[in-house]
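**Student:** Numbering (my numbering), first residue to last: 33 to 338. Glycine included, every Cβ here is placed at the ideal spot set by N, Cα and C.
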Amino acid sequence: MAEKHLHIIALTVPYPVDFGGAFDLFYKLGALQQQGVHIHLHCFDYGRGRQPILHNYCDTVHYYHRDEGLATAAKKLPYIVASRANTTLLENLLKDDYPILMEGVHCTYPLLDDRFKHRRKFVRIHNVEYEYYHQLAANETHLIKKVFFYRESKKLEQYERNIVDKATAFWGVTHKDVDIYRKVLHCKTIDYLPLYLPEWKVNAKTGMGTYCLYQADLSISCNDKAARWLLKEVFGPLQIPFVIAGKNPSNSLQMLAHSYPHTCLVANPGELEMQDMIAKAHINVLPSFNNSGIKLKLINALYNGR
Numbered sequence: 033m034a035e036k037h038l039h040i041i042a043l044t045v046p047y048p049v050d051f052g053g054a055f056d057l058f059y060k061l062g063a064l065q066q067q068g069v070h071i072h073l074h075c076f077d078y079g080r081g082r083q084p085i086l087h088n089y090c091d092t093v094h095y096y097h098r099d100e101g102l103a104t105a106a107k108k109l110p111y112i113v114a115s116r117a118n119t120t121l122l123e124n125l126l127k128d129d130y131p132i133l134m135e136g137v138h139c140t141y142p143l144l145d146d147r148f149k150h151r152r153k154f155v156r157i158h159n160v161e162y163e164y165y166h167q168l169a170a171n172e173t174h175l176i177k178k179v180f181f182y183r184e185s186k187k188l189e190q191y192e193r194n195i196v197d198k199a200t201a202f203w204g205v206t207h208k209d210v211d212i213y214r215k216v217l218h219c220k221t222i223d224y225l226p227l228y229l230p231e232w233k234v235n236a237k238t239g240m241g242t243y244c245l246y247q248a249d250l251s252i253s254c255n256d257k258a259a260r261w262l263l264k265e266v267f268g269p270l271q272i273p274f275v276i277a278g279k280n281p282s283n284s285l286q287m288l289a290h291s292y293p294h295t296c297l298v299a300n301p302g303e304l305e306m307q308d309m310i311a312k313a314h315i316n317v318l319p320s321f322n323n324s325g326i327k328l329k330l331i332n333a334l335y336n337g338r
């Protein structure tokens, strides 16, 4: 039997599994390896660093620089795509004719290159990105960021319409995303593919926890907004112990969280520390001001929280 090889382009380094999007990226590697697939992973490193554990699942691992900055933002392509348009990546993909899985609209620049016209190409849709950026714009209070997100939403809508017939197949993470791609963007080759997750079992502790917990990537405006709303409108007046935990919180959010005697914020917890906080919380509180994609933090809390 011929060996099965697959290129996977990941929008970021898929380990550690410390934010929602990393779950599908990372646990897909092990699932494919178990099916005898030889994985050639290509990922963009913009702060997460090289991760030796990835070699346990992949035959080869390549890291690329993400081209961030104002010059990239000024290009006609959406920023999430233009910043990952990497010549070295394209050259590596052209060394063979293995199929290519592109993780997210972010990684679809090869679809625009005629050299890949006859390659088998698959796209994992993590969000309907133009809707996601429209909601980011609606929730953003900083004027420059608000304009940027709105502009990107318009660019992404045009871009997503343009690529729907350029891949062999698209796979959405939610039925809602699949419906939008079919009915609004007129994609004829999209299907639903469930998330790849660890083999979780319901692992709820008995008894009472000592605090309520909100956990999220706090660098994202809608999550920052949810954290502030919980502090000001819910837990500030209630006088109930409340912990916020997540990646890259702003200084102003940290100051607000520590301005109440019964609330605090844990910045950038590790994977094990986060899971421990989820397990020990009495209530995991997870409101959202963005209804796009799938809320993996909710699934995580249902399995591992009270």
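Can you name, in chain order, every residue of its own chain whose Cβ lies under 6 angstroms from the Cβ of F58, other than the five neighbours on each side?
**Tutor:** For the purposes of this step, residue 58 is taken as residue 26 along the sequence shown, with counting starting at 1. Same-chain partners within the cutoff: P46, Y47, V49.
**Student:** If we ignore side chains and look at the alpha-carbon of each, how far apart do V69 and C244 end up?
**Tutor:** Against the sequence shown, residue 69 aligns to sequence position 37. Against the sequence shown, residue 244 aligns to sequence position 212. One C-alpha to the other measures close to 42 angstroms.
**Student:** Quick one: what's got a C-beta closer than 6 angstroms to E163's C-beta in the same chain, skipping five residues either side?
**Tutor:** Residue numbering aside, residue 163 sits at position 131 when the sequence shown is read from its first letter. Closer than 6 angstroms at Cβ, skipping near neighbours: S324.
**Student:** What does a CB cutoff of less than 7 angstroms around L143 pick up in its chain, not counting 5 residues either side in sequence?
**Tutor:** Here the question's residue 143 lines up with position 111 in the sequence shown. These residues qualify, in order along the chain: K153, I195, K198, A199.
**Student:** Can you say whether P84 is buried or exposed, counting buried as having 16 or more other CB atoms within 10 angstroms of its CB?
**Tutor:** Indexing the sequence shown from 1 puts residue 84 at position 52. So P84 ends up on the exposed side.
**Student:** Excluding five sequence neighbours on each side, which residues of the same chain lie with their C-beta closer than 8 angstroms to the C-beta of M306?
**Tutor:** Along the sequence shown, one-based indexing puts residue 306 at 274. Excluding positions up to five away in sequence, the list reads D50, Q247, A277.
**Student:** When we look at the beta-carbon of Q24 and count the other beta-carbons within 10 Å, is it buried (16 or more) or exposed?
**Tutor:** Nothing about residue 24 can be reported from this structure: the residues present for the chain run from 33 to 338 only.
**Student:** When you compare the region 284-303 with the region 255-266, are there three or more beta-carbon pairs, one atom per stretch, that lie closer than 8 angstroms?
**Tutor:** Flag = yes, the region 284-303 and the region 255-266 touch.
**Student:** Could you check if K127 is buried or exposed, using at least 16 other CB atoms within 10 Å of its CB as the buried criterion?
**Tutor:** If you number the sequence shown from 1, residue 127 lands on position 95. So K127 ends up on the exposed side.
**Student:** Just reading off the alpha helix (DSSP H) that F180 is part of, what are its end residues?
**Tutor:** Taking the first residue of the sequence shown as position 1, residue 180 is located at position 148. Residues 175-195.
**Student:** Taking the beta strand (DSSP E) that R156 belongs to, which residues open and close that run?
**Tutor:** For the purposes of this step, residue 156 is taken as the residue at position 124 of the sequence shown. First-last of the beta strand (DSSP E) with R156: 153-157.
**Student:** So, R338 versus A258, is the Cβ gap smaller than 7 angstroms?
**Tutor:** Taking the sequence shown and counting its residues from 1, one reaches residue 338 at position 306. Taking the sequence shown and counting its residues from 1, one reaches residue 258 at position 226. In this structure, A258 does not lie closer than 7 angstroms to R338 by Cβ.
**Student:** The beta strand (DSSP E) that contains V298, what's its start and end?
**Tutor:** By 1-based counting over the sequence shown, the position of residue 298 is 266. Residues 295-299.
**Student:** For V69, which three-state DSSP category applies?
**Tutor:** Looking up residue 69 in the sequence shown gives position 37. Looking at V69 - three-state DSSP - the assignment turns out to be strand.
**Student:** Where does K36 fall in DSSP's three states?
**Tutor:** For the purposes of this step, residue 36 is taken as the residue at position 4 of the sequence shown. Three-state result, K36: strand.
**Student:** Would L245 pass as an interface residue toward chain B - the criterion being a Cβ-Cβ separation below 7 angstroms?
**Tutor:** Absence of chain B from the displayed structure is noted, only one protein chain being present.
**Student:** Could you name the residues of the same chain whose beta carbon sits closer than 6 angstroms to that of H37, not counting the 5 residues immediately before and after it, in chain order?
**Tutor:** Taking the first residue of the sequence shown as 1, we reach residue 37 at position 5. The answer, listed in chain order, is H70, Y130.
**Student:** From the DSSP output, in three-state form, read off F94 for me.
**Tutor:** On the sequence shown, position 62 is the one that residue 94 refers to. Per the sequence presented here, residue 94 reads as His, with Phe not at that position. H94: strand per DSSP, three-state reduction.
**Student:** Excluding sequence positions up to five away, which residues of its chain have a Cβ less than 6 angstroms from the Cβ of D77?
**Tutor:** Taking the first residue of the sequence shown as position 1, residue 77 is located at position 45. Contacts found: V45, Y95.
**Student:** Can you give me the start and stop residues for the beta strand (DSSP E) that L43 sits inside?
**Tutor:** As a working note, residue 43 is residue 11 in the sequence shown. Premise fails: L43 is in no beta strand (DSSP E) and is neither H nor E.
**Student:** Since H150 sits in a beta bridge, which residues does DSSP pair it with?
**Tutor:** Within the sequence shown, residue 150 is the residue found at index 118, counting from 1. Paired residues: none, contrary to the question.
**Student:** Rounded to whole angstroms, what is the Cα-Cα separation between Q67 and H150?
**Tutor:** Your numbering for residue 67 matches position 35 in the sequence shown. Your numbering for residue 150 matches position 118 in the sequence shown. Their backbone Cα atoms lie some 25 angstroms apart in a straight line.
**Student:** Residue range of the alpha helix (DSSP H) that I310 falls in?
**Tutor:** Mapped onto the sequence shown, residue 310 falls at position 278. Unbroken alpha helix (DSSP H) run through I310: 303-312.
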